[in-house]
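All residue numbers for the sequence shown refer to the working numbering, where the first residue is 40 and numbers rise by one. Glycine included, every Cβ here is placed at the ideal spot set by N, Cα and C. Predicted, not measured: the structure shown is a model, and the values here were computed from it. Structure record follows, encoded as structure tokens.
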Amino acid sequence: MTEAQENPPAIDVLTSVWYIPEPSTFPPTAREVFKKHTNLADDEIIPHIISVRDTALKIFPYPCIGSFRFLDFSISESSAYDEIVSRLKLGEKLLDLGCCFGQDIRKLISDGAPSGNIYGSDLQAEFIGMGYDLFMDKDKIDTKFIAPADIFDESEASPLNVLDGQMDIIHIGSFLHLFNLEDQVRAAKRISRMLSPKKGSMVVGRQGGSSIPGEFDHSVHMLKGKMYRHDMETFNNFWNKEVGGEWQVDGTFTPIELPKEAEGREGAGWLRFTVRRI
Numbered sequence: 040m041t042e043a044q045e046n047p048p049a050i051d052v053l054t055s056v057w058y059i060p061e062p063s064t065f066p067p068t069a070r071e072v073f074k075k076h077t078n079l080a081d082d083e084i085i086p087h088i089i090s091v092r093d094t095a096l097k098i099f100p101y102p103c104i105g106s107f108r109f110l111d112f113s114i115s116e117s118s119a120y121d122e123i124v125s126r127l128k129l130g131e132k133l134l135d136l137g138c139c140f141g142q143d144i145r146k147l148i149s150d151g152a153p154s155g156n157i158y159g160s161d162l163q164a165e166f167i168g169m170g171y172d173l174f175m176d177k178d179k180i181d182t183k184f185i186a187p188a189d190i191f192d193e194s195e196a197s198p199l200n201v202l203d204g205q206m207d208i209i210h211i212g213s214f215l216h217l218f219n220l221e222d223q224v225r226a227a228k229r230i231s232r233m234l235s236p237k238k239g240s241m242v243v244g245r246q247g248g249s250s251i252p253g254e255f256d257h258s259v260h261m262l263k264g265k266m267y268r269h270d271m272e273t274f275n276n277f278w279n280k281e282v283g284g285e286w287q288v289d290g291t292f293t294p295i296e297l298p299k300e301a302e303g304r305e306g307a308g309w310l311r312f313t314v315r316r317i
């Protein structure tokens with residue numbers, strides 16, 4: 040039995056359904072990225088990941104952290120991934136909004152994207168430092184991190200203002216689904232503002248969706264209120280009718296099975312999308 044199993048983090052019972060003591064699988068892609076960044080031996084990588092993960096849960100028990108979903112490197116699942124890496128190599132800029140540990144950023148860097156062309160932001164500033172701890176690369180990358188950064192801060196003092204109109208690509212993984220529909224519109228309009236006005240600039244990501252779109256109660260106790268889950272039709276309408284502007288919205292919906300305690304199990308799935316300015 041590992042130390043993580045003997046002494047699991049103190050997590051509220053309402054979020055414990057998302058907690059597993061150690062990864063059930065360790066994808067080859069994740070192993071490759073960690074070996075490149077940390078130089079740890081194979082048998083040292085998993086204990087290192089568990090240690091940093093358990094510390095992170097004490098700050099904010101996101102389901103993606105409790106279930107090690109951050110090992111998925113979800114940006115690499117995007118149908119536009121090869122294009123993203125190529126565009127970064129040509130000097131374009133990407134923002135990973137709500138970057139958490141910056142795991143998707145490390146995947147991009149591992150595949151040859153220049154770290155200096157990548158930005159990361161998160162509401163929780165502690166996650167940035169933990170990302171450096173997780174990948175052991177604080178002095179090795181030139182990525183510009185902005186934290187704490189609140190997407191809903193519309194003041195002149197918002198640190199995100201310096202990015203307005205500057206980003207060619209914005210990645211939002213497991214982000215918009217945190218909010219109700221009204222707040223999703225607010226967030227997406229702010230995202231549009233940071234995105235370059237030129238044709239072809241794009242937003243890519245993955246989020247929880249539903250074949251029965253609508254609002255659901257949060258299953259994470261620290262998040263209050265409702266969360267809205269889209270299908271592809273409502274997501275297209277969201278960008279072209281609610282956010283404003285003209286967008287080409289492409290994506291896929293893949294059914295998934297949620298824990299039995301989670302609301303909205305029926306119809307739940309992953310929505311993977313590419314939204315291009317046209």
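#1: Could you pull out every residue in the same chain whose Cβ sits closer than 8 Å to the Cβ of K177, ignoring the five residues on either side in sequence?
#2: Where A69 and D143 are concerned, what is the direct C-alpha to C-alpha distance, given to the nearest angstrom?
#3: According to the Cβ coordinates, are G264 and S113 closer than 7 Å?
#4: Does DSSP put A186 in a helix, in a strand, or in coil?
#5: Enumerate in chain order the residues of its own chain whose CB-to-CB distance from N219 is below 7 Å, with the five nearest sequence positions on each side excluded.
#6: Using 7 Å as the threshold, is the C-beta distance between L133 and I180 below it?
#7: Which residue's Cα is closest to the Cα of N78: L173, P294 and V243?
#8: Report the rounded CA-to-CA distance for T273 versus E131, giving the unit in angstroms.
#9: Could you have a look at P86 and say whether DSSP puts it in helix, strand or coil?
#10: For the alpha helix (DSSP H) that T293 lies in, which residues bound it at each end?
#11: Could you tell me which of L234, A186 and G168 sits nearest to D203, measuring between CA atoms?
#12: May I have the straight-line CA-CA distance separating F166 from G247, to the nearest angstrom?
#13: Quick one, which of I148, G168 and F184 has its alpha-carbon nearest G159's?
#14: Quick one: measure Cβ to Cβ for G168 and H210, integer angstroms, because I've assumed they're closer than 8 Å.
#15: From the DSSP output, in three-state form, read off S249 for me.
#16: Sorted by chain position, which residues of the same chain lie with C-beta nearer than 6 Å to I251's C-beta, five sequence neighbours on each side aside?
#17: What number of angstroms, rounded off, separates the C-alpha of I85 from the C-alpha of P198?
#18: Suppose you measure from the CA of N156 to the CA of T182; what does that come to, to the nearest Å?
#19: Alpha carbon to alpha carbon, what distance is there between L129 and E61?
#20: Could you compute how far the alpha carbon of K75 sits from the alpha carbon of F65?
#21: With a threshold of 16 other CB atoms inside 10 Å of the CB of G105, please say whether the residue is buried or exposed.
#22: For I211, write down the residues that DSSP places opposite it in a beta bridge.
#23: What whole-angstrom Cβ distance do I98 and Q163 have, given they're in contact under 8 Å?
#24: In chain order, what residues of the same chain lie with their CB nearer than 6 Å to the CB of D192, ignoring the 5 residues before and after it?
A quick look at the data gives this:
#1: As a working note, residue 177 is residue 138 in the sequence shown. Excluding residues up to 5 positions away in sequence, Y171 lie with their Cβ nearer than 8 Å to the Cβ of K177 in the same chain.
#2: Locating residue 69 in the sequence shown gives position 30, counting from the first residue. Locating residue 143 in the sequence shown gives position 104, counting from the first residue. Each residue's Cα considered, the two are about 10 Å apart.
#3: As a position in the sequence shown, residue 264 is number 225, starting the count at 1. As a position in the sequence shown, residue 113 is number 74, starting the count at 1. Here G264 is not near S113, since their CB atoms are 7 Å or more apart.
#4: Locating residue 186 in the sequence shown gives position 147, where the first residue counts as 1. The answer is coil: DSSP assigns A186 none of H, G, I, E or B.
#5: Here residue 219 is taken as the residue at index 180 of the sequence shown, counted from 1. For N219, same chain residues with a beta-carbon under 7 Å away, outside a window of 5 residues either side, are E254, G264, K265, M266 and Y267 in chain order.
#6: Along the sequence shown, one-based indexing puts residue 133 at 94. Along the sequence shown, one-based indexing puts residue 180 at 141. Not closer than 7 Å, so no.
#7: Stepping through the sequence shown from its first residue, residue 78 is reached at position 39. Its Cα nearest to that of N78, the residue L173 stands out among L173, P294 and V243.
#8: The sequence position of residue 273 within the sequence shown is 234, counting from 1. The sequence position of residue 131 within the sequence shown is 92, counting from 1. Rounded to whole angstroms, the gap between the alpha carbons of T273 and E131 is 30 Å.
#9: In the sequence shown, residue 86 corresponds to position 47, counting from 1. Per DSSP, reduced to three states, the secondary structure at P86 is helical.
#10: Here residue 293 refers to the residue found at position 254 of the sequence shown. Not the alpha helix (DSSP H): T293 falls in the beta strand (DSSP E), residues W286 to P294.
#11: To locate residue 203, count along the sequence shown from 1; it is residue 164. Nearest of L234, A186 and G168 to D203, Cα basis: L234.
#12: Counting from 1 along the sequence shown, the entry for residue 166 is found at position 127. Counting from 1 along the sequence shown, the entry for residue 247 is found at position 208. The C-alpha of F166 lies about 22 Å from the C-alpha of G247.
#13: As a working mapping, residue 159 is identified with position 120 in the sequence shown. Closest in alpha carbon position to G159, among I148, G168 and F184, is F184.
#14: Counting from one through the sequence shown, the residue named residue 168 turns up at place 129. Counting from one through the sequence shown, the residue named residue 210 turns up at place 171. Contact doesn't hold; Cβ gap of about 21 Å is too wide.
#15: Mapped onto the sequence shown, residue 249 falls at position 210. When secondary structure is reduced to three states using DSSP, S249 falls in the strand class.
#16: What you label residue 251 is simply residue 212 of the sequence shown in a count that begins at 1. So the qualifying residues of the chain are G306.
#17: Position 46 of the sequence shown, counted from the start, is the residue given in the question as residue 85. Position 159 of the sequence shown, counted from the start, is the residue given in the question as residue 198. Each residue's CA atom was taken as its position, placing I85 and P198 some 35 Å apart.
#18: One-based indexing of the sequence shown puts residue 156 at position 117. One-based indexing of the sequence shown puts residue 182 at position 143. Taking the straight line from one Cα to the other gives about 7 Å.
#19: Against the sequence shown, residue 61 aligns to sequence position 22. Against the sequence shown, residue 129 aligns to sequence position 90. One alpha carbon belongs to E61, the other to L129, and they sit about 39 Å apart.
#20: The residue you call residue 75 lines up with position 36 of the sequence shown. The residue you call residue 65 lines up with position 26 of the sequence shown. Rounded to whole angstroms, K75 to F65 spans 15 Å at the Cα level.
#21: Residue numbering aside, residue 105 sits at position 66 when the sequence shown is read from its first letter. Buried, by the Cβ-count rule.
#22: Residue mapping note: residue 211 aligns to position 172 of the sequence shown, counting from 1. Paired residue(s): G244.
#23: For the purposes of this step, residue 98 is taken as the residue at position 59 of the sequence shown. For the purposes of this step, residue 163 is taken as the residue at position 124 of the sequence shown. Their Cβ separation, rounded to whole angstroms, is 6 Å, which keeps I98 and Q163 in contact under 8 Å.
#24: Locating residue 192 in the sequence shown gives position 153, counting from the first residue. Cβ within range, chain order: n/a, list empty.
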